[in-house]
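Asker: Below is a structure I'd like to ask you about.
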Amino acid sequence: MPTPFDTAFIAATMSSSSVGYPPPDVAHAIALIHAAAAPPPPPSTSSQPQTSQNSHAQDAYIHSIQTAQSALLALQRTPAAWGLVPPLLSSDEVNVQFFGAHTAHAKVARGELDSLSPAEQLQLRDVLVREAGRAGRARVVRRKLYGGIVAIAVRLVPGRPGVWEAGSGGEGGEGGGWIGEVVGALLQAGAPSAHVHEFLAGVAEDVGAASLLPQAKIQLTQSLRTAAPLVLNSIPAVLSSPNTNTQPPDALPAALTCLTAWPPAGVLPGQDVARVVAPLIALLSAPTQDQDTHHADEARTAACTTLAELLARPPAGWSPKVLLEPLFVWVLQAVASLSPTSFSQVQPAHSDIPPPRNEARRLRRDMRLLVALGDAGVECVAGCVVDATCVALSLPSVTSVASVSSLPSMGGTEGGEGPERGELARHFLRVMLALGGRWIGVGRAQEGEGEDEDGVDEDEEDEEGEEGNGDEGSLGFWYLALWEVPRKRVPGYAFESLSCLPFGVEDGDTDAGADRMDAVGAGVLAFVSAESEIGDAGMWRRCVCV
Numbered sequence: 001m002p003t004p005f006d007t008a009f010i011a012a013t014m015s016s017s018s019v020g021y022p023p024p025d026v027a028h029a030i031a032l033i034h035a036a037a038a039p040p041p042p043p044s045t046s047s048q049p050q051t052s053q054n055s056h057a058q059d060a061y062i063h064s065i066q067t068a069q070s071a072l073l074a075l076q077r078t079p080a081a082w083g084l085v086p087p088l089l090s091s092d093e094v095n096v097q098f099f100g101a102h103t104a105h106a107k108v109a110r111g112e113l114d115s116l117s118p119a120e121q122l123q124l125r126d127v128l129v130r131e132a133g134r135a136g137r138a139r140v141v142r143r144k145l146y147g148g149i150v151a152i153a154v155r156l157v158p159g160r161p162g163v164w165e166a167g168s169g170g171e172g173g174e175g176g177g178w179i180g181e182v183v184g185a186l187l188q189a190g191a192p193s194a195h196v197h198e199f200l201a202g203v204a205e206d207v208g209a210a211s212l213l214p215q216a217k218i219q220l221t222q223s224l225r226t227a228a229p230l231v232l233n234s235i236p237a238v239l240s241s242p243n244t245n246t247q248p249p250d251a252l253p254a255a256l257t258c259l260t261a262w263p264p265a266g267v268l269p270g271q272d273v274a275r276v277v278a279p280l281i282a283l284l285s286a287p288t289q290d291q292d293t294h295h296a297d298e299a300r301t302a303a304c305t306t307l308a309e310l311l312a313r314p315p316a317g318w319s320p321k322v323l324l325e326p327l328f329v330w331v332l333q334a335v336a337s338l339s340p341t342s343f344s345q346v347q348p349a350h351s352d353i354p355p356p357r358n359e360a361r362r363l364r365r366d367m368r369l370l371v372a373l374g375d376a377g378v379e380c381v382a383g384c385v386v387d388a389t390c391v392a393l394s395l396p397s398v399t400s401v402a403s404v405s406s407l408p409s410m411g412g413t414e415g416g417e418g419p420e421r422g423e424l425a426r427h428f429l430r431v432m433l434a435l436g437g438r439w440i441g442v443g444r445a446q447e448g449e450g451e452d453e454d455g456v457d458e459d460e461e462d463e464e465g466e467e468g469n470g471d472e473g474s475l476g477f478w479y480l481a482l483w484e485v486p487r488k489r490v491p492g493y494a495f496e497s498l499s500c501l502p503f504g505v506e507d508g509d510t511d512a513g514a515d516r517m518d519a520v521g522a523g524v525l526a527f528v529s530a531e532s533e534i535g536d537a538g539m540w541r542r543c544v545c546v
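Mapping the sequence shown onto UniProt numbering, position 171 (from 1) lands on 171, and the numbers just tick up by one.
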């Protein structure tokens with residue numbers, strides 16, 4: 001039942017905005033919602049021919065659905081529909097709640113908020129914020145309520161400083177503007193961190209997509225910048241303990257979705273976002289012993305997706321040392337040392353080393369991240385193939401994606417120099433060759449029917465947009481590499497670059513860079529010649545050989 005506050009809101013709305021309209025018939029609206037969501041009739045079970053009967057029943061069902069939807073749309077467009085929002089949100093049915101939230105969001109998005117007085121606008125805001133924090137809300141209803149809250153903010157915040165805070169009952173928003181006020185109200189209502197991060201992600205997405213005048217856009221962007229510390233301080237707390245029993249399973253995915261939604265807005269300082277790189281990479285290699293394996297796999301998948309997004313759209317000012325080099329080190333640590341015997345021989349069942357098919361399956365699970373790393377780091381790889389300098393970082397030891405016992409030497413100690421950049425580049429080239437070559441083929445051949453050990457058909461993953469099998473996903477890396485590796489001719493090969501010089505060589509400084517360019521080109525081609533049997537020879541010839 002509506003609270004006294006809601007009843008006052010309905011009365012005020014009807015008296016000021018609905019002159020000439022009857023009061024909102026809540027029961028009639030709920031009946032229309034039920035009709036619009038009615039299940040289809042069961043097929044006829046009579047002995048007579050059923051084709052005609054089923055056809056008539058289906059036509060009648062479709063007509064009733066369309067009639068109910070048209071009636072709901074017409075009702076939603078009336079000023080009296082404002083009064084439907086609180087009672088519909090108080091219902092126990094998800095469909096009814098959703099229509100109430102959708103009505104508020106749609107009317108605000110259509111520009112009908114001005115039909116309410118300033119006091120009523122703030123009352124509507126308070127209703128949506130309170131209902132969004134109510135426990136037990138379905139996710140689809142909650143997200144629609146978040147959308148309505150942001151839509152109100154888009155229209156109230158620009159040009160009217162302080163209007164949002166007027167009469168606000170939320171606490172804990174000091175320093176966060178209107179976003180902090182809503183977050184404080186959600187926390188007061190007992191909302192978990194996952195719900196707060198869902199709201200914050202929706203704020204960044206909806207404000208970024210809003211069509212506004214330049215001045216209004218600047219003011220809203222400033223409100224995002226004001227709330228940036230709130231976002232940056234809330235995410236590391238979730239990343240630090242993703243697998244504990246006290247952490248809900250949806251907390252980590254929601255936090256990482258929030259993390260990927262905010263950088264495109266350009267309000268998060270790059271050096272602050274860099275603080276989450278190490279915890280994200282740690283999630284890729286977190287041990288699963290004595291833990292929920294399914295939970296750990298979900299955390300790993302979420303971390304892969306987030307890192308791939310950061311590679312595709314890194315914050316301004318990031319150098320290769322922030323994300324690229326740590327991920328190259330992770331690849332060196334986590335992916336077994338690749339050699340022809342790794343693909344042609346299968347370890348016995350009693351061996352501690354997993355068979356190649358398991359290694360191939362795990363690589364395919366990381367395919368999106370590895371391909372994103374190749375796309376973002378192709379210039380770094382091309383310029384560092386023969387670089388003997390060491391990276392000035394070290395990551396904690398990790399659980400191998402493939403074979404722990406065959407990891408290459410890291411070339412450094414904790415807190416000291418890391419591996420050589422050339423070692424990182426060459427190892428990553430081996431991984432990319434393996435993704436498109438015989439390793440994946442061996443893994444699939446041994447799996448038999450293309451299903452993994454959990455019975456999931458990998459081809460179905462491809463239909464959903466995931467690059468599951470990895471045969472073609474790495475080819476774009478090799479095409480880009482052709483344009484990045486400096487010019488060098490070797491008999492039987494045409495491996496030329498049209499524009500790119502290696503790191504540290506300026507345009508026109510050909511004397512200083514000539515030896516370096518020759519060394520890089522020769523190093524790449526020597527590596528390819530030595531490792532060509534690892535990958536698909538036909539694929540490699542199509543990319544680099546004539």
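The beta carbon of each residue, even a glycine, is placed where N, CA and C say it ideally should be. Keep in mind it's a predicted model, so treat the numbers as computed, not measured.
Measure the Cβ-Cβ separation of residue 366 and residue 420 and say whether it is below 8 Å.
Answerer: No. Outside cutoff.
Asker: By DSSP, does residue 420 sit in helix, in strand, or in coil?
Answerer: Three-state result, residue 420: strand.
Asker: Helix, strand or coil for residue 352, going by three-state DSSP, please let me know.
Answerer: A caution first: residue 352 carries a pLDDT of 45, below 50, which makes its placement in the model too unreliable to give a value.
Asker: According to DSSP, is residue 177 helix, strand or coil?
Answerer: Helix.
Asker: Buried or exposed for residue 206, going by 16 or more other Cβ atoms inside 10 Å?
Answerer: So residue 206 ends up on the buried side.
Asker: What residues in its chain sit with their C-beta under 8 Å from that of residue 255, if we drop five residues either side in the sequence?
Answerer: Once the five neighbours on either side are set aside, the close Cβ partners of residue 255 are 193, 194, 197, 234, 235, 238 and 239.
Asker: CB-CB under 6 Å to residue 32, same chain, minus the five flanking residues each way: which ones, in chain order?
Answerer: Only 68, 71 and 72 meet the Cβ criterion.
Asker: Exposed or buried, which one is residue 306 when buried takes at least 16 other CB atoms within 10 Å?
Answerer: It is buried - the Cβ of residue 306 has at least 16 other Cβ atoms within 10 Å.
Asker: Hey, quick one: how far does the alpha helix (DSSP H) through residue 144 stretch, first residue to last?
Answerer: Counting along the chain, the alpha helix (DSSP H) containing residue 144 begins and ends at 139-156.
Asker: Please report the residue range of the alpha helix (DSSP H) in which residue 238 lies.
Answerer: Element bounds for residue 238: 214-239.
Asker: Please determine, among 88, 142 and 157, the residue with the shortest C-alpha to C-alpha distance to residue 191.
Answerer: It is 142.
Asker: For residue 370, report the span of its alpha helix (DSSP H) as first-last.
Answerer: Residue 370 -> alpha helix (DSSP H) spans 367-384.
Asker: CB-CB under 8 Å to residue 265, same chain, minus the five flanking residues each way: which ones, in chain order?
Answerer: Closer than 8 Å at the Cβ level, and outside the excluded window around residue 265, lie 204, 207, 208, 221 and 224.
Asker: Since residue 123 is in the alpha helix (DSSP H), which residue starts that stretch and which ends it?
Answerer: Looking at the DSSP string, the run of the alpha helix (DSSP H) that includes residue 123 is 118-132.
Asker: Quick test of the definition: if touching needs 3 or more C-beta pairs under 8 Å, does the region 126-137 touch the region 75-89?
Answerer: Yes, the region 126-137 touches the region 75-89.
Asker: Hey, how far is the Cα of residue 147 from the Cα of residue 137?
Answerer: Rounded to the nearest angstrom, the two C-alpha atoms are 15 Å apart.
Asker: Work out the CA separation of residue 58 and residue 248 for me, nearest whole Å.
Answerer: If you take the alpha carbons of residue 248 and residue 58, they lie about 43 Å apart.
Asker: Tell me which same chain residues have a C-beta within less than 6 Å of the C-beta of residue 480, skipping the five on either side of it?
Answerer: Once the five neighbours on either side are set aside, the close Cβ partners of residue 480 are 378.
Asker: Under 8 Å, do residue 200 and residue 231 count as touching if we go by C-beta distance?
Answerer: Yes; because the gap between Cβ atoms is below 8 Å, this pair is in contact.
Asker: First and last residue of the alpha helix (DSSP H) that includes residue 97?
Answerer: Start and end: 94-109.
Asker: Which residue wins for smallest C-alpha separation from residue 392, given the options 382, 381, 63 and 418?
Answerer: When only C-alpha atoms are compared, the closest one is 418.
Asker: Short check: CB of residue 425 to CB of residue 390, under 8 Å?
Answerer: No, the Cβ-Cβ distance between residue 425 and residue 390 is not below 8 Å.
Asker: What residue range is occupied by the uninterrupted alpha helix (DSSP H) comprising residue 267?
Answerer: That residue, residue 267, is in no alpha helix (DSSP H); it is neither H nor E in DSSP.
Asker: Which residues in the same chain as residue 140 place their Cβ atom closer than 7 Å to its Cβ, once the five residues preceding and following it in sequence are excluded?
Answerer: Around residue 140: 98.
Asker: Just curious, the alpha helix (DSSP H) that residue 333 is in, first and last residue?
Answerer: Unbroken alpha helix (DSSP H) run through residue 333: 324-334.
Asker: Skipping 5 residues on each side, what residues in its chain have a beta carbon closer than 6 Å to that of residue 303?
Answerer: Around residue 303: 280, 283 and 284.
Asker: Excluding the five sequence neighbours on either side, which residues of its own chain have a C-beta within less than 7 Å of the C-beta of residue 144, listed in chain order?
Answerer: Cβ neighbours of residue 144 beyond the five flanking positions: 98, 101, 102 and 105.
Asker: My understanding is that residue 36 touches residue 65, with C-beta atoms under 8 Å, so please give their C-beta distance in whole angstroms.
Answerer: That belief holds up - the Cβ atoms of residue 36 and residue 65 are roughly 6 Å apart, short of 8 Å.
Asker: At what residues does the alpha helix (DSSP H) containing residue 316 begin and finish?
Answerer: Element bounds for residue 316: n/a, residue is neither H nor E.
Asker: Per DSSP, which residues does residue 390 bridge with? Please list them.
Answerer: Paired residue(s): 420.
Asker: On a Cα-Cα basis, can you pick out the residue from 373, 214 and 29 that is closest to residue 428?
Answerer: Nearest option by C-alpha distance: 373.
Asker: With residue 113 as the anchor, note down where its alpha helix (DSSP H) starts and where it stops.
Answerer: Where residue 113 is concerned, there is no enclosing alpha helix (DSSP H), given that its DSSP letter is neither H nor E.
Asker: Quick one: is residue 1 buried, meaning 16 or more other Cβ sit within 10 Å of its Cβ, or exposed?
Answerer: Reliability fails at residue 1, whose pLDDT of 45 lies under 50, so the model's placement of it is uncertain and the value that follows must be treated cautiously. So residue 1 counts as exposed.
Asker: Grab the span of the alpha helix (DSSP H) containing residue 91 for me, first residue to last.
Answerer: First-last for residue 91: undefined, no H or E at that position.
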